[in-house]
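Residue numbers (the numbering used here): 1002 to 1412.
Glycine is no exception: its CB is placed at the ideal position from the N, C-alpha and C atoms.
Accompanying notes for the structure given below.
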């Protein structure tokens, strides 16, 4: 009898599969099911998270106008609670103290004053290494001096000592062909670049405050020297300002050789300070033109809808610079508060629930250093969330905005 071979293709339908094939089919089925569930999750969960983010942290524009001021104050306090927990006595602590000074100006909350006198005294802020470290410390002291009635001379004297020592060291220099402040004393061996940028020239704002507080014209002369030069050697305006709000300086990564890390917006604050003490309209005009240019989405520095910086950190300072320009020319910059509000709402709502990186960790109100919802910015530690660097910047941004809302926008 001849044996008939039956190929696998010819198997009858009711012939049982082998155990190995059953296991193989089971694995394939599970994999397909898991992939299907994952696809559904990817499609639906972002919407769920977005809804949750917006319901728990709604943008201010959805809140009745009569309640919006209290919302900005509340958000500032929430950020400030985290700041207290991570505080350090460097330039970061100074930035947070600036934010709290503006918050104090509208709340008169004595606990804020106690925080920066008894708990974390501004007199204990480090001068740091770069000259802008002490500039932020001086500015914190002078804002508090201003908002507490201009009577506490100990802050003025401390800021004066910080400023004068930096000048005596030689950090105000023209060795590169124009008058400006440098991070280190030119010519010293510090193992890193010696450079100037608009951060370093916040010492000009300090000089303006010290002139107001002391009446000593040497401070005013220093400020005028940096901006205008001495008739032989130019200052920053002739060297860096190209007109119509445009500033051009040396390129480079943020802080290392880049003379204008915020496209010149930091000169809005310096120009506002110069205008305050001189009443010369040219300083106001330059500050206004600079704010207009950088905040125009067509320029490309900010997002066209939510107005956050696309490629840079230092957002608390950035917001403050813009609002300084607004406060000296509100009629000429009526859209600046709206753009800042959208920027801050964008952060608070995690880009309306669509951010790929955490901008606002809602459980403890920790804020990210960079505000691009996709990440990838230039600057220091842009991915840090809730450490003293980003938290102090956020407190500065929200605190100054709460002040502006109360003083200029609230009916």
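Burial state of residue i (16 or more Cβ within 10 Å)
i, result
"residue 1357", "exposed"
"residue 1378", "buried"
"residue 1257", "exposed"
"residue 1197", "buried"
"residue 1161", "buried"
"residue 1080", "buried"
"residue 1222", "exposed"
"residue 1270", "buried"
"residue 1251", "exposed"
"residue 1284", "buried"
"residue 1082", "exposed"
"residue 1022", "In this predicted model, residue 1022 has a pLDDT of only 45, less than 50, meaning its place in the structure is not dependable enough to derive any value."
"residue 1262", "buried"
"residue 1391", "buried"
"residue 1393", "buried"
"residue 1216", "exposed"
"residue 1244", "exposed"
"residue 1260", "buried"
"residue 1155", "exposed"
"residue 1368", "buried"
"residue 1109", "exposed"
"residue 1189", "exposed"
"residue 1071", "exposed"
"residue 1320", "buried"
Which listed residue (the options) has its alpha carbon closest to that of residue i
i, options, result
"residue 1228", "1082, 1279 and 1252", "1279"
"residue 1307", "1288, 1322, 1119 and 1336", "1336"
"residue 1138", "1102, 1410, 1068 and 1326", "1102"
"residue 1178", "1232, 1104 and 1192", "1232"
"residue 1192", "1400, 1154, 1131 and 1165", "1131"
"residue 1318", "1142, 1194 and 1402", "1402"
"residue 1309", "1281, 1348 and 1155", "1348"
"residue 1085", "1112, 1069 and 1065", "1112"
"residue 1143", "1410, 1386, 1333 and 1214", "1214"
"residue 1163", "1195, 1126 and 1199", "1126"
"residue 1238", "1305, 1255 and 1202", "1202"
"residue 1255", "1074, 1200 and 1387", "1200"
Sub-8 Å separation of residue i and residue j beta-carbons
i, j, result
"residue 1058", "residue 1359", "no"
"residue 1180", "residue 1230", "yes"
"residue 1405", "residue 1296", "no"
"residue 1265", "residue 1240", "no"
"residue 1077", "residue 1396", "yes"
"residue 1275", "residue 1224", "yes"
"residue 1194", "residue 1176", "no"
"residue 1098", "residue 1117", "yes"
Short CB-CB distance (under 8 Å) between residue i and chain B
i, result
"residue 1234", "No chain B appears in this structure, which consists of one protein chain only."
At least three beta-carbon pairs within less than 8 Å, the stretch 1311–1330 to the stretch 1370–1387: yes
Below 8 Å, can you find three or more Cβ-Cβ pairs linking the stretch 1336–1347 to the stretch 1379–1391? no
With contact counted as at least three CB pairs below 8 Å, one residue from each stretch, are the stretch 1084–1092 and the stretch 1119–1129 in contact? yes
Within the stretch 1209–1255, ranges of the alpha helix (DSSP H) (whole runs, at least 4 residues): 1218–1229 and 1237–1241
Alpha helix (DSSP H) runs wholly inside the stretch 1054–1091, at least 4 long, in chain order: 1066–1087
Meets three-Cβ-pair contact criterion under 8 Å: the stretch 1238–1248 and the stretch 1203–1217: no
Answer yes if the stretch 1169–1177 comes into contact with the stretch 1138–1154, meaning at least three C-beta pairs across the two stretches below 8 Å, and no otherwise. no
Contained alpha helix (DSSP H) runs [length at least 4] in the stretch 1095–1119, N- to C-terminal order: 1111–1115
Just list the beta strand (DSSP E) runs in the stretch 1175–1203, keeping only unbroken ones of 3 residues or longer that don't cross its boundaries, in chain order. none
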